[in-house]
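*Asks:*
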Amino acid sequence: MVVVKNYDALKGYLKNESHNLQCTLAILKINGFFNFVASHGVEVGDELTQKSIELLSKNINDDGEIFKINLDEFAILFKNTLPNQMIELAKQIQSFSLFEFLELSVGEVKIFFNIGISIGTGLQLIQNSTLALLEATKLGRNRYYYFDPKTSDEVVNRNKKSLYWQEKLKDALLMGKLFPFFQPIINNKNGLIERYESLIRLETENGMVLPLEFLGCAKESGLLSAVTRVVIAESFKLFRGSDISLSLNISEDDLADAGFVDFLKQKMSYFDIKPTNVAFEILEGIDSKTVSSSIDTLTKIKELGCLLVADDFGSEHSNFKRLSELHIDIIKIDGFFVKDMDTNSTNCEVVKAIVAFAKNINAKTVAEYVHSEKIFKMVKALEIDY
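In this note's numbering, the protein residues as written are 33 to 418.
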């Protein structure tokens, strides 16, 4: 067993002014650790922590020292290593995370790390590496970020903004300051409103705030599922007992929530909402690691009688194979391609291809960003449904 020092030992070393050495510090966080513990238990979680330490120890030279910060966080301190060498190590860790498995009592497990790197002296080094770790986490799974002193103010300000919105969100969830706004979806054949899309707004002392400002922070802080549940409950409350159709946005976080489908059943029953009147909009760029469980959840949602909508289709995450797997009912064409169909022939051809594909799988289509009469006429000519 590899024995490592703890967080207090790391702080003690960096506070010791007699060292006065410029060091490189990497802080690593295991992706999805607490979900793993929830599934396999505390003892297996401890096993994963120890095996991770052993794996890291095999991949650093004698100049590096590992410290255990938390159950899912470690630090590697180098006293004579340049930042570019630490970045190469981060790439190496990324690489073996993709190809190596840890042998645990429950079987083989693949792990990934987010890594924050900085260079400097004293306790500021921990703060800078922590900020870098936060930036790496925003980039996605198994990513690293180097804290560059030249852009440190930008990183600090970005982190302050994130914390600000996290606090606003927590307050909004507690005080009931999240509200749904509704956007009509028009049937292009008869010109009538066929359904409404529910969109979230956050009330602050300065007025209503658009989701672009706070949804990213909601995901980072683990509050996105809570926000989704508020939007669903408040929307169902407003449409209680009606025969009006409604579209709601859900995320990969919601699909990973084991209680999400039961929540939907309970709210639909309580507010007398017909499942056939509800459509759930998803971005089909689902992480390949969670696609199986996501499809299972979506299948259960369809079994309730709800419709599934592929949102922003044509964007960078779009996947025709994934649409087939998800048995999508409606495809929303990304507004990027719709907005200039009249002047960009390539984008127009993309829209035509998506419409043709939708017809082949018996899915209806929605055009986003129809901002002019000319675009609207082109949308109708292509027989886009909404």
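We put the beta carbon where it would ideally sit given N, CA and C, even for glycine.
If you reduce the DSSP assignment to three classes, tell me which class Ser253 lands in.
*Replies:* coil
*Asks:* Can you give me the C-alpha to C-alpha distance between Gly64 and Val293, rounded to a whole angstrom?
*Replies:* When rounded, the distance between both Cα atoms is 22 angstroms.
*Asks:* Could you tell me the distance, in whole angstroms, from the CA atom of Ile108 to the CA atom of Lys193?
*Replies:* 28 angstroms
*Asks:* Give the straight-line distance between the Cα atoms of Lys321 and Lys200, rounded to the nearest whole angstrom.
*Replies:* Residue confidence is low: Lys321 scores 49 on pLDDT, short of 50, so the model does not pin down where it sits. Its coordinate-derived value is still stated next. Cα-Cα distance, rounded: 31 angstroms.
*Asks:* Using alpha carbons as the reference points, say which of Leu205, Ile282, Lys37, Ser84 lies closest to Glu229.
*Replies:* Ile282
*Asks:* Using the Cα positions of Leu355 and Lys334, report the straight-line distance between them to the nearest angstrom.
*Replies:* Their backbone Cα atoms lie some 14 angstroms apart in a straight line.
*Asks:* Using CA atoms only, rank isn't needed, just tell me which of Glu237, Ser326, Lys364, Tyr401 is closest to Ser279.
*Replies:* Lys364
*Asks:* Buried or exposed: Glu105, going by 16 or more other Cβ atoms within 10 Å of its Cβ?
*Replies:* buried
*Asks:* Looking only at its chain, what residues have a beta carbon closer than 7 angstroms to the beta carbon of Lys269, apart from the 5 residues adjacent to it on each side?
*Replies:* Phe303
*Asks:* Kindly identify the DSSP beta-bridge partner or partners of Asp397.
*Replies:* Correcting the residue identity first, residue 397 is Thr in this sequence and not Asp. DSSP, once it has assigned bridges, lists Ile363 as partnering Thr397.
*Asks:* Counting only runs of 3+ residues fully inside the stretch 241-318, write out the beta strand (DSSP E) ranges in chain order.
*Replies:* 277-281, 310-314
*Asks:* To which residues does DSSP link Ala390 through a beta bridge?
*Replies:* None, per the DSSP bridge assignment.
*Asks:* How many angstroms separate the CA atom of Leu53 from the CA atom of Glu167?
*Replies:* Looking at the two C-alpha atoms, the distance is approximately 26 angstroms.
*Asks:* Would Ile62 be called buried (16 or more neighbouring beta carbons within 10 Å of its own) or exposed?
*Replies:* The residue is buried, with at least 16 neighbouring Cβ atoms inside 10 Å.
*Asks:* So, is Ala385 buried or exposed, given that buried needs 16 or more other C-beta atoms within 10 angstroms?
*Replies:* exposed
*Asks:* Which residues bound the beta strand (DSSP E) around Lys100?
*Replies:* Residues 96-102.
*Asks:* Should Ala204 be labelled buried (16 or more other beta-carbon atoms within 10 Å of its own) or exposed?
*Replies:* buried
*Asks:* Starting from the Cα of Glu252, find the closest Cα among Gly172, Ile92, Ile407, Tyr178 and give me that residue.
*Replies:* Measuring from the Cα of Glu252, the nearest candidate turns out to be Gly172.
*Asks:* Ignore the nearest five residues each way along the sequence and tell me which others in Thr329's own chain have a CB closer than 6 angstroms to its CB.
*Replies:* Taken in chain order, the residues that qualify are Leu287.
*Asks:* Jot down the residue ranges of each uninterrupted alpha helix (DSSP H) in the stretch 153-189, minimum 4 residues, whole runs only, in chain order.
*Replies:* Taken in chain order, the complete alpha helix (DSSP H) segments of 4 or more residues contained in the stretch 153-189 are 156-171.
*Asks:* Can you tell me whether Ser320 is helix, strand or coil according to DSSP?
*Replies:* Confidence is the limiting factor: at Ser320 the pLDDT is only 47, short of 50, which leaves the residue's position unreliable and the question unanswerable from this model.
*Asks:* Check whether the stretch 126-134 touches the stretch 150-163, taking contact to mean three or more Cβ pairs, one atom from each stretch, closer than 8 angstroms.
*Replies:* Three or more beta-carbon pairs separated by less than 8 angstroms are not found between the stretch 126-134 and the stretch 150-163, which leaves the two stretches without contact.
*Asks:* Closest by CA to Gly291, which one among Ser274, Ser257, Ala311?
*Replies:* Checked all of Ser274, Ser257, Ala311; the closest Cα to Gly291 is Ser257.
*Asks:* Using the Cα positions of Asp344 and Gly367, report the straight-line distance between them to the nearest angstrom.
*Replies:* Straight-line Cα distance between these residues: approximately 7 angstroms.
*Asks:* Need the endpoints of the beta strand (DSSP E) that Ile217 sits in, please.
*Replies:* 210-218
*Asks:* Residues bridged to Ser71 by DSSP?
*Replies:* Paired residues: none, contrary to the question.
*Asks:* Could you tell me which residues DSSP puts in a beta bridge with Asn91?
*Replies:* Note: Asn91 sits in no beta bridge, so no partner.
*Asks:* Going by C-alpha distance, which of Ile149, Cys249, Gly208, Gly96 is nearest Tyr196?
*Replies:* Cys249
*Asks:* Note down the Cα distance separating Gly44 from Arg175, rounded to an integer number of angstroms.
*Replies:* 28 angstroms
*Asks:* Looking at chain D, is there any beta carbon in it that lies within less than 8 angstroms of the beta carbon of Asp344?
*Replies:* No chain D appears in the structure shown, which is made up of a single protein chain.
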